[in-house]
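2 protein chains.
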Amino acid sequence: MQIVILLYDGLTALDAIGPYEVLSCVPNATISFVAESNGPIRTDTNALALMAEATLTEVPQPDVLLIPGGNTGTIAAAQNQQILDWVRSAYATSRWTTSVCTGAMVLGAAGLLKGKRATTYWSAGPFLESNYGATYIAERYVQDGKIVTAAGVSAGIDMALFLASQLTDTETAQAIQLALEYDPQPPFASGAPHKTTQAIIEKAQSLLREGKRR
Amino acid sequence: MQIVILLYDGLTALDAIGPYEVLSCVPNATISFVAESNGPIRTDTNALALMAEATLTEVPQPDVLLIPGGNTGTIAAAQNQQILDWVRSAYATSRWTTSVCTGAMVLGAAGLLKGKRATTYWSAGPFLESNYGATYIAERYVQDGKIVTAAGVSAGIDMALFLASQLTDTETAQAIQLALEYDPQPPFASGAPHKTTQAIIEKAQSLLREGKRR
Chain S
1 MQIVILLYDG
11 LTALDAIGPY
21 EVLSCVPNAT
31 ISFVAESNGP
41 IRTDTNALAL
51 MAEATLTEVP
61 QPDVLLIPGG
71 NTGTIAAAQN
81 QQILDWVRSA
91 YATSRWTTSV
101 CTGAMVLGAA
111 GLLKGKRATT
121 YWSAGPFLES
131 NYGATYIAER
141 YVQDGKIVTA
151 AGVSAGIDMA
161 LFLASQLTDT
171 ETAQAIQLAL
181 EYDPQPPFAS
191 GAPHKTTQAI
201 IEKAQSLLRE
211 GKRR
Chain P
1 MQIVILLYDG
11 LTALDAIGPY
21 EVLSCVPNAT
31 ISFVAESNGP
41 IRTDTNALAL
51 MAEATLTEVP
61 QPDVLLIPGG
71 NTGTIAAAQN
81 QQILDWVRSA
91 YATSRWTTSV
101 CTGAMVLGAA
111 GLLKGKRATT
121 YWSAGPFLES
131 NYGATYIAER
141 YVQDGKIVTA
151 AGVSAGIDMA
161 LFLASQLTDT
171 ETAQAIQLAL
181 EYDPQPPFAS
191 GAPHKTTQAI
201 IEKAQSLLRE
211 GKRR
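One line per chain: the protein sequences are S and P, in this order. Just so we're aligned: the first sequence equals residues 1 to 214 in full-length UniProt numbering. Just so we're aligned: the second sequence equals residues 1 to 214 in full-length UniProt numbering.
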């Protein structure tokens, strides 16, 4: 089984690495990080690069593909015809086609979300609906046919555990959860807009706008 | 404020990338990935490399240092005198010295956990006590003075939110949690050994032993 994670300039690292860590425990699966070209791909903070070890043309028919999100880098990826052609083609023969966070915009730009239920980053739902004809569902991850979309950044871990259960069985997915000691206990409970205050929402938007992310 | 994350051959990527994603939202902080030498550092699955962009000698006095865990790679790191000397020296002037998962073994090997309360991967607690004189606490993260240790892999995200609150304030840490949409809802509840069955525990150990991780 071949699992492929797309890298592109400006991606958010955790969107890719959360699911990678889960899916790398799936028995008899190989994971590849792919991009238009081999080599280091810089993430949205500029502080980190992940290595792409295969090119898109080298992995035309993955069993599972995963598109991480980002900020301005994702806007560019959603306008990149080589990436969109690869996504459409890989989707056709894939078992699962998935996204994390604003990675859903790449699926949308490839025309794969029209009329589909999907999720994305909490602030990006209206855009997903107006631009790509999806129905935004504010859930941690959403399955519609063979497309599974995850909410923002960290939601990719939850989605990947669901995927692992589909690729193997419930017991194996539970064992993977234990292998990663994924027993989350955040010190605060402000991980979704409806669980926090308007002041925290504005502060989060300001952190993203004025921060180092691009 | 300078935050430094140690990379070494065979680390577990999520141990580093979970906290990185949280801490990269801290205003006025710079994050550096460091290793003995610049360049790509392979993780425990062999499927991924992260780029180290500075050497240990270039960042002798970080404000915050973070040591990720791994498997056989961590055993080697905990016997690497250059790494241990750097950890001891950086600890002396650091504001926070932290580890995720078996990264605690590197702190232990540097002599920093003797008589301290600490946590690590769920199966590694007895080793931490017998080899490094720590008192193992089965919590998500444990603070003792300026040392903060996190439990396995994904626990680094929870710890980093605590660190973010200490480096800034509660409201900013809550905004960072929202920025990462960290509202975890795993599809299963088997993330800690006391929450699951002996069969799942054995399956997790088998996945790690027979899997691609080294």
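Backbone N, C-alpha and C define an ideal beta-carbon position, used for all residues, glycine too.
Minimum C-alpha distance to residue i - residue among the options
i	options	result
Pro60 of chain S	S:Pro187, S:Ser89, S:Thr168 and S:Ser154	S:Ser89
Gln143 of chain S	S:Asp158, S:Glu21 and S:Tyr20	S:Asp158
Val87 of chain P	P:Ala189, P:Ile5, P:Gly156 and P:Ala204	P:Ile5
Thr97 of chain P	P:Pro68, P:Val64 and P:Gly115	P:Val64
Tyr136 of chain P	P:Ala151, P:Arg214 and P:Arg117	P:Arg117
Gln205 of chain P	S:Ile201, S:Arg209 and S:Gln177	S:Gln177
Ala164 of chain P	P:Ala192, P:Val34, P:Arg95 and P:Ala151	P:Arg95
Val100 of chain S	S:Glu129, S:Lys114 and S:Trp122	S:Trp122
Ala175 of chain P	S:Gln174, S:Pro19, S:Asp183 and S:Lys203	S:Lys203
Ala138 of chain P	P:Glu129, P:Asn131, P:Gly145 and P:Thr120	P:Thr120
Lys114 of chain P	P:Ser37, P:Pro62, P:Thr93 and P:Gly145	P:Gly145
Ile200 of chain S	P:Gly111, P:Leu207 and P:Ala179	P:Ala179
Arg213 of chain S	P:Leu7, P:Ala29, P:Tyr8 and P:Tyr182	P:Ala29
His194 of chain S	P:Tyr182, P:Gln79 and P:Gly211	P:Tyr182
Glu36 of chain P	P:Glu58, P:Ala124 and P:Ile75	P:Glu58
Ala76 of chain P	P:Leu208, P:Leu7, P:Ala173 and P:Glu210	P:Leu7
Residue-chain proximity (residue i, chain P), Cβ-Cβ < 8 Å
i	result
Met1 of chain S	no
Ala13 of chain S	yes
Val153 of chain S	yes
Tyr68 of chain S	Note that residue 68 of chain S corresponds to Pro in the displayed sequence, not to Tyr. No, no contact with chain P.
Lys146 of chain S	no
Pro62 of chain S	no
Arg140 of chain S	yes
Trp122 of chain S	yes
Gln171 of chain S	For the sequence presented, residue 171 of chain S should be read as Glu rather than Gln. Chain P, which has a Cβ nearer than 8 Å to the Cβ of Glu171 of chain S, makes this yes.
Met105 of chain S	no
Ile201 of chain S	yes
Leu50 of chain S	yes
Ala47 of chain S	yes
Ala35 of chain S	no
Ile31 of chain S	yes
Ile176 of chain S	yes
One or two residues paired with residue i in a DSSP bridge
i	result
Trp122 of chain P	Paired residue(s): none; Trp122 of chain P is not in a bridge.
Pro40 of chain P	P:Met51
Thr98 of chain P	P:Leu66 and P:Val148
Gln2 of chain P	P:Thr30
Leu11 of chain S	S:Thr43 and S:Gly70
Ala35 of chain S	S:Thr55
Arg213 of chain P	According to DSSP, which records beta bridges pairwise, Arg213 of chain P is partnered with nothing at all.
Arg88 of chain P	Paired residues: none, contrary to the question.
Residue i at chain S interface by Cβ criterion, 8 Å
i	result
Pro126 of chain P	no
Asp9 of chain P	no
Lys114 of chain P	no
Trp86 of chain P	no
Tyr20 of chain P	yes
Ala179 of chain P	yes
Glu58 of chain P	no
Asp158 of chain P	yes
residue 227 of chain P	Any property of residue 227 of chain P remains undetermined from this structure, which presents chain P solely from 1 to 214.
Gly191 of chain P	yes
Gln81 of chain P	no
Leu167 of chain P	no
Thr55 of chain P	no
Gly211 of chain P	yes
Ala110 of chain P	no
Thr196 of chain P	yes
Ser24 of chain P	yes
Ala204 of chain P	yes
Minimum Cβ-Cβ distance from residue i to chain C less than 8 Å
i	result
Gly73 of chain P	In the structure shown, chain C does not exist; the protein chains are S and P.
Looking at C-beta atoms only, is the number of pairs between the segment 82-97 of chain P and the segment 39-54 of chain P that lie closer than 8 Å three or more?
No, they do not touch.
Which runs of the alpha helix (DSSP H) spanning at least 4 residues fall entirely within the segment 125-169 of chain S, listed in chain order?
Within the segment 125-169 of chain S, the runs of alpha helix (DSSP H) that reach at least 4 residues and sit entirely inside it are, in chain order, 125-132 and 155-167.
Specify whether the segment 43-51 of chain P and the segment 8-18 of chain P touch according to this definition: at least 3 beta carbon pairs, one from each stretch, less than 8 Å apart.
At 8 Å Cβ cutoff, the stretches touch.
Below 8 Å, can you find three or more Cβ-Cβ pairs linking the segment 180-193 of chain S to the segment 104-111 of chain S?
The segment 180-193 of chain S vs the segment 104-111 of chain S: no contact.
Given 8 Å as the limit, is there contact between the segment 18-25 of chain S and the segment 148-158 of chain S, that is, 3 or more CB pairs closer than that?
Judged by Cβ distances under 8 Å, the segment 18-25 of chain S makes contact with the segment 148-158 of chain S, as three or more pairs qualify.
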